[in-house]
Structure formats: structure tokens, C-alpha cells
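Numbering of the sequence shown is given in my numbering, commencing with residue 100 and proceeding in unit increments. Beta carbons: idealized from backbone N, C-alpha and C, even for Gly. So the structure is just underneath, and the comments pick up after that.
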Amino acid sequence: MAEMKTTVPQPPPYKDNDGNEITSTGKWLAGLLIIFFTFFSAIYLIAHWPDRIPGPKDNTTSLYINKWFHVRLVDSIIDTAHLQKQVVNTVIDTAKVDRTKTDTAATKAATDVVKVASLPATTDDSLFIRLDGRKVYYKGSEDDLIHINTLLLLLVGVAGFLGNMIHISTSFTTFIGAGKFRKSWVLWYVVKPFTAAALAIAIYFVFRGGFLNMSDDSSNINIYGLMTISLLSGLFTDRATLKLKEIFDVLFRTNPKEERPDQLTNGAPKITGVTADPLEAGKPALITLTGEKLNEGNISITIENTPVDNPERKPDSISFNYTLPDALKDKESVTLSAKPDNAANARTFQLKIKQAAPPAEGE
100 MAEMKTTVPQ
110 PPPYKDNDGN
120 EITSTGKWLA
130 GLLIIFFTFF
140 SAIYLIAHWP
150 DRIPGPKDNT
160 TSLYINKWFH
170 VRLVDSIIDT
180 AHLQKQVVNT
190 VIDTAKVDRT
200 KTDTAATKAA
210 TDVVKVASLP
220 ATTDDSLFIR
230 LDGRKVYYKG
240 SEDDLIHINT
250 LLLLLVGVAG
260 FLGNMIHIST
270 SFTTFIGAGK
280 FRKSWVLWYV
290 VKPFTAAALA
300 IAIYFVFRGG
310 FLNMSDDSSN
320 INIYGLMTIS
330 LLSGLFTDRA
340 TLKLKEIFDV
350 LFRTNPKEER
360 PDQLTNGAPK
370 ITGVTADPLE
380 AGKPALITLT
390 GEKLNEGNIS
400 ITIENTPVDN
410 PERKPDSISF
420 NYTLPDALKD
430 KESVTLSAKP
440 DNAANARTFQ
450 LKIKQAAPPA
460 EGE
């Protein structure tokens with residue numbers, strides 16, 4: 100005989116007193132992680148902010164010192180005092196000056212000493228190295244330098260990350276405060292900042308590629324405008340993605356007649372049926388809607404025009420507990436209505452009500 104497999108009912112997910120599917124420890128841990136990554140990305144952005152961007156006509160290198168809170172252009176750290184040999188100034192001892200000499204002779208001697216002290220000293224060529232084909236003064240190692248293009252990519256990625264952390268902190272606190280946080284969204288909170296950083300870099304390449312009327316020369320970049328766009332692309336990732344889609348559609352527009360047949364489409368949620376035990380007044384009953392893509396979009400569910408709050412949504416089912424009020428216990432059935440936002444009409448189902456047993460004869 101074939102073995103009979105019994106399915107063990109799954110316990111309902113944990114919910115706190117406010118209806119959130121997260122413990123108090125989880126709230127504090129998530130809050131601390133959000134604060135840490137927000138401040139870390141902000142501090143990283145500040146610590147790697149360059150002292151200046153070389154102008155288009157500046158005969159400078161494109162290398163910076165890669166040091167936290169000291170990202171400076173190599174040409175901007177030249178100290179001419181280190182390029183000269185020490186010159187010992189001669190101090191005039193007026194006591195040794197012959198008082199019998201005329202004032203003109205004393206003045207001439209003092210002037211000669213000043214001229215000797217102010218002569219330009221010879222420079223030490225060992226202090227110079229060749230960077231980007233130019234001979235510049237730099238005493239550090241070349242491994243401590245970073246190119247302006249690499250620096251801009253880092254700043255753009257971190258700015259996109261920071262912008263999305265602002266969005267995540269707002270979203271998390273809003274759902275926690277409203278009592279609607281669901282554990283199925285945890286992965287979204289983890290992945291979203293990194294995709295926002297990648298999106299900011301992608302938009303940066305679009306700018307540098309000239310699709311949005313921007314020069315490919317790093318010296319012509321307005322770094323403040325670039326950081327603003329990167330922050331906003333991380334803060335509004337969905338809108339930034341749609342903007343990239345518009346650019347792609349313009350560049351690679353196709354004829355609708357030439358598109359492939361039977362292409363996949365997202366479609367709308369589809370409700371196919373409902374399962375529920377007969378309802379009984381005063382006792383909660385589990386009601387489950389079945390279908391496809393039921394975790395996408397908004398679906399309005401009502402029973403006798405009374406909205407159902409906080410159902411558990413999965414891709415193939417929507418479950419919730421319903422307690423029949425005493426005012427409806429004498430009816431044979433109640434009407435359940437479910438309507439996705441994009442649907443023209445609502446799906447309706449009749450839920451049977453358990454009728455009370457008739458009294459026995461003689462009672």
C-alpha cells in the first residue's frame with residue numbers, strides 16, 4: 100500500500116501587538132544597521148571628496164592622493180619651500196660697521212647682503228617624479244594615488260547607495276509605524292541599496308556617453324551636479340529606471356509589427372477560486388483565495404461590503420481569518436468580493452454559513 104502523506108498545517112507568522120511580522124529585537128537590529136550604513140556612506144563620501152577638479156585648461160595631472168579626509172590633487176600639494184636648498188641669511192652686526200664710513204657705503208653693504216639671501220636656490224631633481232607624462236613634485240608612493248575617473252565612479256556609487264539608504268529608512272519606519280511590515284520584504288531591504296549604487300553608476304555612464312549632453316572630459320564635470328543626480332537616482336530608483344528605459348526606447352525603437360509573437364507579459368493578478376469551511380458566528384474561520392500573481396499590486400477584498408484587513412499574500416494564495424458577526428448568522432451565505440486594481444470587474448464568491456441544528460422534538 101502506498102504511504103499516506105499528511106500535511107502538517109503551518110503555524111501563522113509571528114506578529115507583534117501592532118501587526119508587524121518582526122520582533123522587538125529585529126526592529127532594533129534593523130534600525131541600527133540602517134543608521135550604520137547611512138552614516139558610513141555619508142562619511143565615506145565626505146572623506147573622499149576631492150579638494151578641486153582640474154580645469155579644462157589646467158596643465159595638471161589627473162591623480163589624487165588616496166587618503167581619507169585628504170584627497171588632494173597632486174599639483175595642489177606642491178610646496179616650493181621643499182624645492183629650494185636651505186639659505187643661511189647673513190645677519191648684519193652694526194657694531195662691527197666702521198662708524199667712519201659714510202652712510203652711503205653702509206647702505207650699499209646691507210643691500211648686497213639682501214641680494215645674496217634672495218637669490219633663487221637650485222632645485223633638487225631627486226624630489227621630482229614623472230606622473231601622467233609630466234614632471235611634478237611628489238614625495239609619496241605611486242600606489243597611494245587614485246585617478247580622477249576611478250574617484251568619480253566611487254563617489255557616484257556611494258552617493259547612489261546613500262540616496263537609497265534614505266529611501267529605505269523612510270520606508271522601514273513608515274511600515275513599522277503603520278503595523279504593516281511583512282518579513283517577505285526583508286530581502287528587498289537588503290538588496291535595494293546595492294542595486295541603487297549600480298543604477299547610479301549606469302546613469303553616470305549615460306551622462307559620460309553624451310546621451311544627456313555632457314562632455315566625456317572629466318575636467319568639464321560639475322561634481323556637485325553629478326552627486327545630486329546620483330543621490331536622486333538612489334532615492335528614486337524606480338523613476339530613474341523608467342528614465343533609462345525611455346532613453347533606450349528612443350535609441351532602439353522597433354516596429355511593433357516586427358516584435359516576436361507569444362512574448363511573455365507580466366499580466367495582472369488572477370483569482371481562480373476560494374476555499375473555506377462553513378462559517379459560524381463567533382468563531383474565526385480560515386478563508387483562502389487561490390490564483391496567480393496574487394502578491395502583485397493591490398487587491399481589494401470585502402465580505403458583505405466590509406473590507407478585509409492585513410491578509411497574508413503569497414504568489415498563489417491570499418489567506419485571512421474571518422469571524423462571522425451575529426447579525427449575519429441567520430443568512431445562508433455571505434458574499435466575498437475580490438477586485439485587483441487593474442481588473443474591470445470584481446470576482447465574487449458565496450461563503451456558506453453553518454446553520455444551527457433544529458431543536459429536537461419535545462424540547
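Practice item. Decide if residue 413 is buried, meaning its Cβ has at least 16 other Cβ atoms within 10 Å, or exposed. Key: Taking the sequence shown and counting its residues from 1, one reaches residue 413 at position 314. Label assigned to residue 413: exposed.
Check your understanding: DSSP state of residue 285, grouped into three classes?
Key -> Locating residue 285 in the sequence shown gives position 186, where the first residue counts as 1. Residue state, collapsed to three classes: helix.
Practice item. Measure the CB-CB distance between residue 245 and residue 163 and report whether it falls below 8 Å. Key: Mapped onto the sequence shown, residue 245 falls at position 146. Mapped onto the sequence shown, residue 163 falls at position 64. Yes, they are a contact pair.
Exercise for review: Determine, using beta carbons only, whether residue 418 and residue 385 come nearer to each other than 8 Å.
Suggested key: As a working note, residue 418 is residue 319 in the sequence shown. As a working note, residue 385 is residue 286 in the sequence shown. Taking 8 Å as the Cβ cut-off, residue 418 and residue 385 qualify as a contacting pair.
Review point. Does DSSP classify residue 122 as helix, strand or coil?
Key: On the sequence shown, position 23 is the one that residue 122 refers to. Coil.
Practice item. Could you have a look at residue 447 and say whether DSSP puts it in helix, strand or coil? Key: Indexing the sequence shown from 1 puts residue 447 at position 348. It is a strand residue.
**Study point:** 8 Å Cβ cutoff met for residue 247 and residue 161
**Key:** Looking up residue 247 in the sequence shown gives position 148. Looking up residue 161 in the sequence shown gives position 62. In this structure, the beta-carbon distance from residue 247 to residue 161 falls below 8 Å.
Check your understanding: From what residue to what residue does the beta strand (DSSP E) around residue 345 run?
Key -> Position 246 of the sequence shown, counted from the first residue, corresponds to residue 345. Element bounds for residue 345: not the beta strand (DSSP E) but the alpha helix (DSSP H), 336-350.
Exercise for review: Check whether the stretch 434-448 touches the stretch 380-399, counting contact only when three or more Cβ pairs, one atom from each stretch, lie closer than 8 Å.
Suggested key: yes
**Study point:** Helix, strand or coil at residue 267 according to DSSP, with G and I counted as helix
**Key:** Locating residue 267 in the sequence shown gives position 168, counting from the first residue. Helix at residue 267.
Check your understanding: By a C-beta neighbour count over all protein chains shown, 10 Å radius and 16 as the cutoff for buried, is residue 153 buried or exposed?
Key -> Numbered from its first residue, the sequence shown carries residue 153 at position 54. With 16 or more Cβ atoms within 10 Å of its Cβ, residue 153 is classed as buried.
Point to revise | Proximal residues to residue 119 (C-beta, below 7 Å), its chain only, five neighbours per side dropped | key: Taking the first residue of the sequence shown as position 1, residue 119 is located at position 20. So the qualifying residues of the chain are 275, 278 and 280.
Practice item. Taking the CB atoms as reference points, tell me whether residue 329 and residue 381 lie closer together than 8 Å. Key: As a first step, residue 329 is located in the sequence shown; it is residue number 230 there, counting from the start. As a first step, residue 381 is located in the sequence shown; it is residue number 282 there, counting from the start. Their beta carbons are not under 8 Å apart, which means residue 329 does not touch residue 381 by this criterion.
**Study point:** residue 339 to residue 377 span [Cα, whole Å]
**Key:** As a working note, residue 339 is residue 240 in the sequence shown. As a working note, residue 377 is residue 278 in the sequence shown. Whole-angstrom Cα-Cα distance: 49 Å.
Check your understanding: By Cβ distance, which residues of its chain are closer than 7 Å to residue 168, with the 5 residues on each side in sequence left out?
Key -> Within the sequence shown, numbered from 1, the residue matching residue 168 stands at position 69. So the list reads 146, once near-sequence residues are dropped.
Check your understanding: Beta-carbon separation of residue 332 and residue 286 under 8 Å?
Key -> Numbered from 1 along the sequence shown, position 233 holds the residue referred to as residue 332. Numbered from 1 along the sequence shown, position 187 holds the residue referred to as residue 286. Not in contact: residue 332 and residue 286 (Cβ atoms no closer than 8 Å).
Check your understanding: How would you label residue 304, buried or exposed, when you count the other beta carbons within 10 angstroms and need 16 or more for buried?
Key -> As a position in the sequence shown, residue 304 is number 205, starting the count at 1. It counts as exposed.
Exercise for review: Whole angstroms is fine: what's the gap from residue 441's alpha carbon to residue 251's?
Suggested key: Within the sequence shown, numbered from 1, the residue matching residue 441 stands at position 342. Within the sequence shown, numbered from 1, the residue matching residue 251 stands at position 152. When rounded, the distance between both Cα atoms is 43 Å.
Exercise for review: Return the chain-ordered list of same chain residues with a C-beta closer than 6 Å to the C-beta of residue 371, the five sequence neighbours on each side being excluded.
Suggested key: Translated into the one-based positions of the sequence shown, residue 371 becomes position 272. Here the set comprises 389 and 390.
**Study point:** Continuous beta strand (DSSP E) stretch holding residue 246: start and end
**Key:** Position 147 of the sequence shown, counted from the first residue, corresponds to residue 246. Taken as a continuous stretch (DSSP letters only), the beta strand (DSSP E) holding residue 246 covers 244-246.
Check your understanding: Skipping 5 residues on each side, what residues in its chain have a beta carbon closer than 8 Å to that of residue 301?
Key -> Along the sequence shown, read from residue 1 onward, the residue named residue 301 stands at position 202. Within the same chain, residue 301 has close Cβ partners 343.
Exercise for review: Report yes if the CB atom of residue 514 is closer than 8 Å to the CB atom of residue 392, and no otherwise.
Suggested key: Lying before the first or after the last residue shown, residue 514 is absent from the chain, which here runs from 100 to 462.
Check your understanding: So what does residue 385 bridge to, in DSSP terms?
Key -> Taking the sequence shown and counting its residues from 1, the one referred to as residue 385 is at position 286. The partner list for residue 385 (beta bridge, DSSP) reads 420.
Check your understanding: For residue 160, does the three-state DSSP call read helix, strand or coil?
Key -> By 1-based counting over the sequence shown, the position of residue 160 is 61. The answer is coil: DSSP assigns residue 160 none of H, G, I, E or B.
Practice item. Would you identify the three-state DSSP class for residue 442, choosing helix, strand or coil? Key: Working through the sequence shown from its first residue, we reach residue 442 at position 343. Coil at residue 442, not helix or strand.
Practice item. Look up residue 413 in the DSSP assignment and say whether it is helix, strand or coil. Key: Within the sequence shown, residue 413 is the residue found at index 314, counting from 1. It is a strand residue.
Point to revise | Supposed close pair residue 121, residue 291 - CB separation, criterion 8 Å | key: As a working mapping, residue 121 is identified with position 22 in the sequence shown. As a working mapping, residue 291 is identified with position 192 in the sequence shown. Residue 121 to residue 291, Cβ: 17 Å. No contact.
**Study point:** Top-ranked residue by Cα proximity to residue 136, from 174, 257 and 446
**Key:** As a working mapping, residue 136 is identified with position 37 in the sequence shown. It is 257.
Check your understanding: Of the residues 433, 326 and 132, which one's Cα is nearest the Cα of residue 451?
Key -> As a first step, residue 451 must be located in the sequence shown, where it is residue number 352. If we check each option's Cα against that of residue 451, 433 comes out closest.
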